[in-house]
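Take the sequence shown: its letter number 44 is residue 44 in full-length UniProt numbering, and every next letter is one higher. For reference, the structure is listed below as structure tokens.
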Amino acid sequence: MAVAALRNLAAKIRIPGPAALRASPAPGPLAISHSTTPKSDLEKALLLRNNIESATYVDLHSSAEVLGKYCEHTEEIIKQYSDVHVEVGNKMRTLTLKYFFTCVAICFTDSMISNKDEVVLQERQGEGVVVQERQVE
């Protein structure tokens, strides 16, 4: 897929034909550049097109293998993140349930304590009424 995209890009770049190259004056010995790196975008594009056109089946196959390895590596990373996401979700669900049931237990205990205090107050009030009735008699 990437090779096809590069070939399409290289096809859009115009390379002068052999006649135009023969008509251009040959550079003299002093005009030779000592650097081997391309200096312009056109030179880079020409080198890219030449590399693509001269690529053999083995080169394309090895490039496909490299892309396949990158795809596999990416899939593994996505799977790891997915597994971590599921694990975090499970832990959050567990903690939410623990906190919910803890709150229910605390509220139930609080209501029992409040009810016990009310029962104790009612008993004391009841004892007070009995004591008052005895005093009245």
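Backbone N, C-alpha and C define an ideal beta-carbon position, used for all residues, glycine too. A quick note: this is a predicted structure, and the numbers were derived from the prediction, not measured.
One Cα belongs to L42, the other to Y81, and the distance between them is close to 42 Å.
For M92 and V84, the gap between their C-alpha atoms comes out near 12 Å. Taking the CA atoms as reference points, S63 sits about 14 Å from S54.
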